[in-house]
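Yeah, the sequence shown ends on 416 if you go by our numbering, and it's all consecutive.
Some notes on the structure that comes next.
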Amino acid sequence: MFDRDRWQEIFEAIGKNKLRTFLSGFTVALGILIFTVLLGLGNGLLNSFLSSFVDDAQNIIFIRAGRTSKAYKGFQENRKIQFENEDFEFINTNYKGKVEYSTPRIYRNGQAKYKKESGSYTIIAVNPEHQYLEKTIMMKGRYINENDIIDKTKNIAIGRLVEKDLFKNEDALGKSLDIDGIAYKIVGVFQDSGGDNEERIICMPYKTVQLLFGNNEKLDQINLTYNMAMNTEQAIAFSKQIEEDFKKKFDVAPDDQSAIRVRSFAEGIKETMVILGGIYLVIFVVGIGTLISGIIGIGNIMTFSIKERTKELGIRKALGASPRSIIAMVLQESVLITSVAGYIGLILGMLSLRLIGNNLEEFFILNPKVETGVIVVATITLIFSGLIAGYIPARRAAKIKPIIALRDE
């Protein structure tokens, strides 16, 4: 393998066929370049999809209420569906073992004030398990707890940027915050990977909001996470079961798509995987097709090279060279051309993806790149391709008879 004379002979053979070697190598490099860029863009699409759930649990299910689009069981169309506390309790009672965490949500906007600072913020009324659905990280203090729900306390947890906006360099923990004329005690400050908007939120007990703003049991939304023991298909079936049960509960037509809307992360995964599956199939076909073209080209180069070296190979065999050594020499040359050209294409592809960066974010392509595993597979593929390209010419070279080769002109 590391015979100096053999390597010298290989480079001399390549030097005699510079143009043909370059063109064949170019085909391989181009194939790997296209494959790398397309694969990176496909991964960018997947990253874009996953980023939309970066601040939420990946097994989350959203249950939203709307208005009916059809008349059903004596009810007129355009009837507003209103969730209440009993509907939240219905989830926890009827789906035991299938639900991991659950929370109601009530949305409000409020004017928060501390000393001379004030600002308008989103208020979300929730229960303690909301923290796990949102993957909220507590920086100081605690989140809303069960006692806050039971006692309907005026305790709140605020986002990091709420503290920064209103309290400046002060520690907000334990302080009182005026929201629309009502004083609340700050028991925790949290951060969220979802970005600035997610950190300019004020969370408070949902039963407190119901008491203070209407003395009712109305809810805007119900969110839950399904048991992670479920696979994707089971999770989708579970979300459909919830939708069917809620439609029956509210006397909504089974084919009414606007009254009860249930959406799970699992459905998004399945849809995205179907799309990405098609993209990856195209990438595979294009990459393999171009690589096969390069292999054929390199095979032709090796055949040509052997034909021009017929006399030389005959002398080698006459001096005792074994067919195995001749095959090894030809395969070594083939693998060298394929590997070098392929790695040039791979490096150029990775540099292209780095230059693209997040410039295609408007096309839902985020952080396009290829993983280390792809490079390992590419290495094995290139070596294997080189062996295929050189095998047939190598066998022909090994079968050359010295007496015939010496007569070759």
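The beta-carbon is built from N, C-alpha and C at its ideal position, and this holds for glycine as well.
Starting from the N-terminal side, write out each stretch of the beta strand (DSSP E) that is 3 residues or longer and does not extend beyond the stretch 239 to 310.
Along the stretch 239 to 310, the beta strand (DSSP E) occurs as fully enclosed runs of 3 or more residues at 267 to 271, listed in sequence order.
- Query: Should ASN134 and GLU378 be called a contact, given that it needs their Cβ atoms to be closer than 9 Å?
  - Reply: Taking the first residue of the sequence shown as position 1, residue 134 is located at position 127. Taking the first residue of the sequence shown as position 1, residue 378 is located at position 371. No, the Cβ-Cβ distance between ASN134 and GLU378 is not below 9 Å.
Query - Integer-rounded CB distance, given that PRO400 should sit under 8 Å from GLY306 - result: Numbered from its first residue, the sequence shown carries residue 306 at position 299. Numbered from its first residue, the sequence shown carries residue 400 at position 393. Cβ-Cβ separation between GLY306 and PRO400: approximately 6 Å, consistent with a contact (criterion under 8 Å).
**Asked** Considering only C-alpha positions, which residue in the set LEU358, ILE70, PHE97 and ASN92 is nearest to ASN222?
**Response** Locating residue 222 in the sequence shown gives position 215, counting from the first residue. Distance from the Cα of ASN222 is smallest, within the candidate group LEU358, ILE70, PHE97 and ASN92, for ASN92.
message: Please determine whether the Cβ atom of GLU368 lies at a distance below 8 Å from any heavy atom of the ligand GDP.
response: Within the structure as shown, the ligand GDP is missing, as the structure has no ligands at all.
field: Cut-off 7 Å between Cβ atoms - residues of its own chain near ASN365, not counting five sequence neighbours on either side
entry: Within the sequence shown, the letter at position 358 stands for residue 365. Cβ within range, chain order: LEU373 and ASN374.
Sorted by chain position, which residues of the same chain lie with C-beta nearer than 7 Å to GLY272's C-beta, five sequence neighbours on each side aside? Here residue 272 is taken as the residue at index 265 of the sequence shown, counted from 1. At residue 272 the sequence reads Phe, which differs from the Gly that was named. Annotation for PHE272: PHE60, GLN65, ASN66 and ILE67 place their beta carbon closer than 7 Å to its own, counting only its chain and skipping 5 residues before and after.
Burial state of ASP199, where buried means 16 or more other Cβ atoms lie within 10 Å: To locate residue 199, count along the sequence shown from 1; it is residue 192. A residue is called buried once 16 or more other Cβ atoms fall within 10 Å of its Cβ, and ASP199 is buried on that count.
Any chance the stretch 281 to 297 sits against the stretch 105 to 116, with 3 or more Cβ pairs inside 8 Å?
Taking one beta carbon from each stretch, the stretch 281 to 297 and the stretch 105 to 116 have fewer than 3 pairs nearer than 8 Å; the two do not touch.
Item checked: Spatially closest choice to LEU26 from LYS120, ASN162 and GLY304, by CA coordinates -> Here the question's residue 26 lines up with position 19 in the sequence shown. Here the closest residue by C-alpha is GLY304.
Which one of TYR102, LYS175 and PRO212 has the shortest CA to CA distance from ASN154? Counting from 1 along the sequence shown, the entry for residue 154 is found at position 147. Of TYR102, LYS175 and PRO212, the residue nearest in Cα terms is PRO212.
Exercise. List the endpoints of the continuous alpha helix (DSSP H) containing TYR350.
Key: Taking the first residue of the sequence shown as 1, we reach residue 350 at position 343. Boundaries of the alpha helix (DSSP H) around TYR350: 330 to 363.
- Closest Cα partner of THR232 within the set GLU224, LYS225 and ALA242: Taking the first residue of the sequence shown as position 1, residue 232 is located at position 225. For the set GLU224, LYS225 and ALA242, the Cα lying nearest the Cα of THR232 is the one of ALA242.
Nearest to ARG402 (by Cα), restricted to the options LYS175, ALA335 and ILE165: Numbered from its first residue, the sequence shown carries residue 402 at position 395. Nearest to ARG402 by alpha-carbon distance, out of LYS175, ALA335 and ILE165, is ALA335.
- Supposed close pair LEU355, LEU40 - CB separation, criterion 8 Å: Translated into positions along the sequence shown, residue 355 becomes position 348. Translated into positions along the sequence shown, residue 40 becomes position 33. In this structure LEU355 touches LEU40 by the C-beta definition: roughly 5 Å separates them, less than 8 Å.
(message) Please list the terminal residues of the continuous beta strand (DSSP E) segment that includes TYR191.
(response) As a working note, residue 191 is residue 184 in the sequence shown. Following the DSSP letters along the chain, one finds TYR191 inside the beta strand (DSSP E) bounded by residues 189 to 198.
Q. So which of ILE163, LYS214 and TYR350 has the shortest CA-CA distance to ALA190?
A. Start at 1 with the first residue of the sequence shown, and residue 190 comes out as number 183. Taking the Cα of ALA190 as reference, the smallest distance to any Cα among ILE163, LYS214 and TYR350 is reached at ILE163.
Exercise. Please list, in chain order, all residues of the same chain as ASP262 whose beta carbon is under 8 Å from its beta carbon, the five residues on each side excluded.
Key: Walking along the sequence shown from the start, residue 262 turns up at place 255. Around ASP262: LYS77.
Between the CA atoms of ASN24 and SER55 - distance to the nearest angstrom | Taking the first residue of the sequence shown as position 1, residue 55 is located at position 48. Taking the first residue of the sequence shown as position 1, residue 24 is located at position 17. Going from the Cα of SER55 to the Cα of ASN24 covers about 46 Å.
For LEU367 and LEU48, the rounded distance between their alpha carbons
For the purposes of this step, residue 48 is taken as the residue at position 41 of the sequence shown. For the purposes of this step, residue 367 is taken as the residue at position 360 of the sequence shown. For LEU48 and LEU367, the distance between alpha carbons rounds to 9 Å.
Q: To the nearest angstrom, report how far apart ARG207 and GLY166 are at their CA atoms.
A: Taking the first residue of the sequence shown as position 1, residue 207 is located at position 200. Taking the first residue of the sequence shown as position 1, residue 166 is located at position 159. Taking the straight line joining both Cα atoms gives about 5 Å.
**Prompt:** So PHE42 and VAL293 are in contact, right, with Cβ under 8 Å, and what is the actual spacing, rounded?
**Reply:** Here residue 42 refers to the residue found at position 35 when the sequence shown is read from its first residue. Here residue 293 refers to the residue found at position 286 when the sequence shown is read from its first residue. Contact holds; Cβ gap of about 7 Å.
Exposed or buried, which one is LEU140 when buried takes at least 16 other CB atoms within 10 Å?
Taking the sequence shown and counting its residues from 1, the one referred to as residue 140 is at position 133. When all chains shown are included, LEU140 counts as buried.
Burial state of THR100, where buried means 16 or more other Cβ atoms lie within 10 Å:
One-based indexing of the sequence shown puts residue 100 at position 93. Taking every protein chain shown into account, the CB of THR100 has fewer than 16 other CB atoms within 10 angstroms, so this residue is exposed.
For this session: Using a threshold of 9 Å, state whether the C-beta atoms of GLY352 and LEU37 are closer than that.
Result: Counting from 1 along the sequence shown, the entry for residue 352 is found at position 345. Counting from 1 along the sequence shown, the entry for residue 37 is found at position 30. Yes, the pair counts as a contact, with Cβ atoms nearer than the cut-off.
Under 9 Å between C-beta atoms of GLY195 and ILE156 = Walking along the sequence shown from the start, residue 195 turns up at place 188. Walking along the sequence shown from the start, residue 156 turns up at place 149. Going by C-beta atoms, GLY195 is not nearer than 9 Å to ILE156.
_Only counting the same chain, and skipping five residues up and downstream in sequence, which positions put a Cβ closer than 8 Å to that of TYR79?_
Position 72 of the sequence shown, counting from 1, holds the residue named residue 79. Counting only Cβ-Cβ distances below 8 Å, and skipping sequence neighbours, we find ASP258, VAL259, ALA260 and ASP263.
Along the beta strand (DSSP E) that carries GLN138, what are the first and last residues, could you check?
Along the sequence shown, read from residue 1 onward, the residue named residue 138 stands at position 131. For GLN138, no beta strand (DSSP E) run applies; the uninterrupted alpha helix (DSSP H) run containing it begins and ends at 137 to 140, by DSSP.
**Message:** I'd like to confirm the pairing. Which residues does DSSP put opposite ASN162 in its beta bridges?
**Reply:** Stepping through the sequence shown from its first residue, residue 162 is reached at position 155. Checking the DSSP bridge columns, you'll see ASN162 partnered with LYS192.
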